[in-house]
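Below you'll find the structure, written out as structure tokens, and then a few comments.
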Amino acid sequence: MLRLTGSSCRKLLPTSVIRAKDVYSRCYATLTQNSESTTPADIPTIARRLPKKEGTIADVFSFSANDIPPLPQRFAELKKQIYNDAIINSWKEVIRELDLVTEEISALGGKVIPQISYRDIVRGLSEKQKVAIRRTGTVVVKGGVPKEEALAWKQSIRDYAAANADKVKGTPPEHIVFYEIYNSKAQIAARTHPALISTQRALLTLWHSSDPSTLVDFSTPISYFDRLRIRDPGPSTFTLGPHIDGGSLERWEDPGFRSCFGRILEGRWREHDPFDGTPRINAKQDLYDAPNQCTVFRPWQGWTSMSTTGPREGTLRLLPMLSLSTAYLILRPFFRPRQGRLINGQISLAADDWELNLEGTEFPGSQIGKAQHLSEQDHPHLRLDKTLISLPQMEPGDQVYWHCDLVHAVEAEHIGKGDSSVLYIPAIPLTIKNAEYLRDQRDNFNEGLPAPDFPGGEGESNFVDRGKVEDIVSAEGRRLLGFSNFDVSANATDGSSKVIKYANSILV
Ligand SMILES: [Fe+2]
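Each residue of the sequence shown is one higher than the last, beginning at -11 in this note's numbering.
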């Protein structure tokens, strides 16, 4: 049987036909029935992704807890199905621990965010650095890309946007901050910059697989196209409040995603391992096929700075307590404050003033097809007013990465004098699903279309001077973007060598 992949199928049909869902599905179904396999037989291959509906970054976020409509009754049933008595003990312990850790973070302020030099990446992270990065779930890497180079990327993007001013989209539309630009030459240069690639490899290898046969290779980063932000000083009409990327209700609703938090739900929250890749491989973060939902396994979200930006200048804020905030978030839907237990008009944080809530459908801050929101009102024990810490001053070329479960936000104010500008570039390893995404992303890039997870439409296909494959200047860059084969390393596990062979078979 030939299980033809999306890209193989595309060679047989013109692009316009491929984009028609029914024709493509027929093509895929017929070919999978009639020919011989070209990919490892025990790995099912998924068809090419269909474009998402048109839109912007604003589509995935709600602006306040009041915007969130009640959930259907099935979510109360879901809570009952997941619940076990050990959850009560975990909840009490987590609340007690939060009381201590939130004080500590608040006192440390910006010092709590690990900051390393790119030289540390080159010579290898120390154990102390690894512990700090794992505990907080974030790291700032200074000095990887020369300032002049990062500033030149920004100028090149400004020129590209100006040359295509009649077609550029973004949010807010009247004065764009978040550009729906994915295929500029500057983004290609940044994504394939050696300092970014080696930083990403170092951070990905902080992850591991509890089962060595897991189909993931953490030593092989691949590229995930995302958008960019260029924000001028002043208040913004669109800022991102506290949230976690990668779906919301899916954390409980999808059995694969839920298994990533299995120990928390079994009452063993201290044994939760946020860096175990094995359960992540089967997590589905996008049950509702919404645009802007990251569908791949993205261990580290990140950005690279194109400006000199400090606190209160529209920068990133992070909640640097990875395991504890995750445990709290996962347990939170099972509890509610007891009626009338207020202290000075505020909800009491004492564990005894909270009760089980298995009857209500509430999953605080969760909404179908949106990112996971957090707020002081819905998640009071996190004390977000004190614990969301702004990044220290970042210079052009500095990078920041944060774990996929980490709560983050963007500062609402920008009282600085210059722009606050970043290229969103995460660290992503090779997996089966990620390789298939890379194939589709590469094909979209060839046509100037938005990357598959992002709002669809013609994107930059009619822009002048967009990035092309010939703008990738290194062999490693071509590999990262899916244009040439990956190498199997000497110390590859069974799982990683299998995933590399699979990727090579579908990317050719
Ligand atoms: Fe985010």
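Beta carbons are placed, not taken as given, at the ideal position from N, Cα and C, and that holds for glycine.
Two segments are said to touch when three or more pairs of C-beta atoms, one from each, lie closer than 8 Å; by this definition the region 73 to 93 touches the region 357 to 377. Between the region 393 to 413 and the region 302 to 309 there are three or more C-beta pairs closer than 8 Å, enough to call the two in contact.
With a 10 Å radius around the Cβ and a threshold of 16 neighbouring Cβ atoms, GLU238 comes out buried.
Per DSSP, PHE433 lies in no beta strand (DSSP E) segment; the continuous alpha helix (DSSP H) that holds it begins and ends at 420 to 435. By the 16-neighbour rule on beta-carbons within 10 angstroms, ASP386 is buried.
Shortest gap from the CB of HIS231 to any heavy atom of ligand 1: under 7 Å. For secondary structure counted as the alpha helix (DSSP H) over 4 or more consecutive residues, the region 282 to 321 holds these complete runs in sequence order: 310 to 319. Here SER247 has PRO267, ASN270, ALA271 as same chain residues with Cβ atoms under 8 Å from its own Cβ, once five neighbours each way along the sequence are excluded. Inclusion of GLU424 and ILE494 in the CB contact set at 8 Å is warranted, their separation being smaller than that value. ASP475 sits exposed, since fewer than 16 C-beta atoms from the chains shown fall within 10 Å of its C-beta.
Distances taken from the Cβ of GLN273 to the heavy atoms of ligand 1 include none shorter than 7 Å. Taking C-beta atoms under 8 Å as the contact rule, PRO230 and LEU362 qualify, at a distance of about 4 Å. Non-local beta-carbon contacts of SER211 in its own chain, meaning distances under 6 Å to residues more than five positions away in sequence, involve ARG179, LEU468, LEU469 in chain order. Just so you know, the alpha carbons of MET309 and GLN188 end up roughly 21 Å apart.
Put simply, the region 186 to 205 does not touch the region 427 to 435. Fewer than three CB pairs are less than 8 Å apart. With a cutoff of 7 Å, HIS181 does not count as near ligand 1, since its C-beta is closer than that to no heavy atom of the ligand.
Boundaries of the alpha helix (DSSP H) harbouring ALA149: 135 to 151, taken from the DSSP string.
For SER484, there is no enclosing beta strand (DSSP E); the enclosing alpha helix (DSSP H) covers residues 482 to 495. Straight through space, the alpha carbons of TRP79 and HIS260 are spaced by roughly 14 Å.
Residue state for ALA415 is assigned as strand, using DSSP reduced to three classes. Using a Cβ distance threshold of 8 Å, THR126 and LEU418 do not count as a contacting pair.
Relative to the non-hydrogen atoms of ligand 1, the Cβ of HIS396 comes within a distance shorter than 7 Å of at least one. At a cut-off of 3 residues, the continuous stretches assigned as beta strand (DSSP E) that sit fully inside the region 42 to 109 are 103 to 105.
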